[in-house]
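The numbering used here numbers the first residue of the sequence shown as 7 and each following residue consecutively.
Don't be surprised by glycine CBs; every beta carbon is placed ideally from N, CA and C.
Comments concern the structure below.
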Amino acid sequence: MELQFTSRTFLAADSSYAESLAVIIGCPLDITSSFRPGTRFAPQAIRDVSWGLETYSPRLDRDLEDLKICDVGDISLPQGDPEGALGIIQGYLATLMGDRKFPILLGGEHLISLAVVRELARHHQNLAVIQLDAHADFRQDYLGDSLSHATVMRRIADILGGENIFQLGIRSGTREEMNSARAMGSLTEVKETLRRAAGRPVYLTVDLDILDPGVAPGVGVPEPGGLTFDECLSLISELSSLDVQGFDVVELSPPYDPTQQSAMAAAKLIRELILQFCPDKNHP
7 MELQFTSRTF LAADSSYAES LAVIIGCPLD ITSSFRPGTR FAPQAIRDVS
57 WGLETYSPRL DRDLEDLKIC DVGDISLPQG DPEGALGIIQ GYLATLMGDR
107 KFPILLGGEH LISLAVVREL ARHHQNLAVI QLDAHADFRQ DYLGDSLSHA
157 TVMRRIADIL GGENIFQLGI RSGTREEMNS ARAMGSLTEV KETLRRAAGR
207 PVYLTVDLDI LDPGVAPGVG VPEPGGLTFD ECLSLISELS SLDVQGFDVV
257 ELSPPYDPTQ QSAMAAAKLI RELILQFCPD KNHP
């Protein structure tokens, strides 16, 4: 008798690495979470609930079954060494870039985006980063640490310059953060983002707390006043003309939502992002 096992990959991401154009990597980083830790459990929680979704998106009229996607699992990361963990993530990204794969990262805390940008900046001139988030994450340091989920966009600005970061949906930050972001020109609206990022390689980072806590309560730092799920998808649709070279979804903290509503929101968001931006042979 042939036994059937439940897949532990993301929904329909069961192609081989060699044949895949896009690759999913789990980055269970959970070192600097300052309010509600638990992001290390997010990648597998997202995978588990993703099988409750359909592979087809009525909104986009595209189907995951038509794409070649590989889920390689989670990276093993040290939980007490932020710089070491970032180096490991960057090493995996270097391999993906060398193999010409489209990277999809499942966080994990938001600090993982810094590792990705460090590597993408080596491969793409004039790289732009678009951040969908409740929080500016633009502190110079947090509790004396320069590497933190609360400083990640400031560290990315150190690499790319603040004028090459586009922060959408921000509704929380210190006075110093917001003043610095405004001075650098990173706090933008969608129309300005489209104008300034057009024709450039783009990395998209999505913090799940851009959604209202009523939609996704299981996040590291919930912030009232966020988007509905449909509003978030509409925002992403407005970015469809951009040359997105990869994306991450971060800051899901499954222990704070036993209903799995937040994990399901993350999984569906990832499905829509894949179908919106990932290349395939029929949609280059």
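The alpha helix (DSSP H) that contains residue i, what's its start and end?
i: residue 218; result: Residue 218 -> no alpha helix (DSSP H), and no H or E assigned at all.
i: residue 48; result: 48–56
i: residue 142; result: Counting along the chain, residue 142 falls outside any alpha helix (DSSP H), and DSSP gives it neither H nor E.
i: residue 164; result: 158–166
Once you ignore the five residues that flank residue i on each side, which residues in its own chain have a CB closer than 6 angstroms to its CB?
i: residue 33; result: 81, 95, 111, 113, 114 and 118
i: residue 206; result: 132 and 134
i: residue 25; result: 74
i: residue 192; result: 168, 171 and 173
i: residue 212; result: 138 and 255
i: residue 68; result: 281
i: residue 42; result: 226, 259 and 262
Locate the beta strand (DSSP E) running through residue i, then write down its first and last residues.
i: residue 191; result: Segment: none, residue 191 is in no beta strand (DSSP E) and carries neither H nor E.
i: residue 173; result: 171–174
i: residue 296; result: Because the chain spans 7 through 290 in this model, residue 296 falls outside it and cannot be assessed.
By the 10 Å Cβ neighbour count, where 16 or more other Cβ atoms means buried, how is residue i classified, buried or exposed?
i: residue 224; result: buried
i: residue 170; result: buried
i: residue 44; result: buried
i: residue 19; result: buried
i: residue 88; result: buried
i: residue 182; result: exposed
i: residue 260; result: buried
i: residue 104; result: exposed
i: residue 186; result: buried
i: residue 284; result: buried
i: residue 220; result: exposed
Confirm, please, whether the CB-CB distance from residue j to residue i is below 8 angstroms.
i: residue 73; j: residue 286; result: yes
i: residue 46; j: residue 54; result: no
i: residue 320; j: residue 184; result: Residue 320 cannot be examined here, being either before or after the span of the chain that is shown, 7 to 290.
i: residue 237; j: residue 196; result: no
i: residue 293; j: residue 39; result: Examination of residue 293 is not possible in this model, given that the chain is present from 7 through 290 alone.
i: residue 210; j: residue 194; result: no
i: residue 146; j: residue 124; result: no
i: residue 66; j: residue 282; result: yes
i: residue 120; j: residue 78; result: no
i: residue 126; j: residue 252; result: yes
i: residue 208; j: residue 276; result: no
i: residue 269; j: residue 51; result: yes
i: residue 144; j: residue 179; result: yes
Take residue i and list the residues in its own chain whose beta-carbon comes closer than 7 angstroms to its own, dropping the five residues that flank it on each side.
i: residue 274; result: 59
i: residue 22; result: 76
i: residue 84; result: 90 and 91
i: residue 63; result: 277, 278 and 281
i: residue 165; result: 123, 124 and 127
i: residue 290; result: Reliability fails at residue 290, whose pLDDT of 46 lies under 50, so the model's placement of it is uncertain and no value is given.
i: residue 102; result: 29 and 109
i: residue 7; result: Below a pLDDT of 50, predicted positions are generally treated as unreliable, and residue 7, at 48, falls in that range; the measurement from the model is reported next regardless. Excluding positions up to five away in sequence, the list is empty.
Can you give me the Cβ contacts of residue i inside the same chain, cut-off strictly under 8 angstroms, excluding the 5 residues immediately before and after it?
i: residue 280; result: 28, 70, 73, 75 and 110
i: residue 218; result: 230, 231, 232, 233 and 234
i: residue 215; result: 139, 140, 141, 222, 225, 226, 227, 228, 229, 232 and 257
i: residue 204; result: 247 and 248
i: residue 49; result: 32, 33, 34, 80, 112, 113 and 114
i: residue 98; result: 31 and 81
i: residue 311; result: With the chain covering 7 to 290 only, the question about residue 311 has no answer from this structure.
Taking 7 angstroms as the cut-off, is the beta-carbon of residue i closer than that to any non-hydrogen atom of the ligand FMN?
i: residue 198; result: Absent from the structure shown: the ligand FMN. Ligands present: none.
Check your understanding: What are the start and end residues of each continuous beta strand (DSSP E) run of 3 or more residues lying completely inside the segment 21–45, in chain order?
Key -> Taking 3 residues as the shortest admissible run, the segment 21–45 contains the following complete beta strand (DSSP E) segments, listed from N- to C-terminal end: 28–33.
Check your understanding: In the segment 200–283, which residue ranges form an unbroken alpha helix (DSSP H) of at least 4 residues, counting only runs that do not cross its ends?
Key -> If we require 4 residues or more, the alpha helix (DSSP H) runs fully inside the segment 200–283 come out as 235–244 and 267–283.
Exercise for review: Let me know the beta strand (DSSP E) ranges lying completely inside the segment 84–133, each 3 residues or longer, listed in chain order.
Suggested key: Correct list: 108–113.
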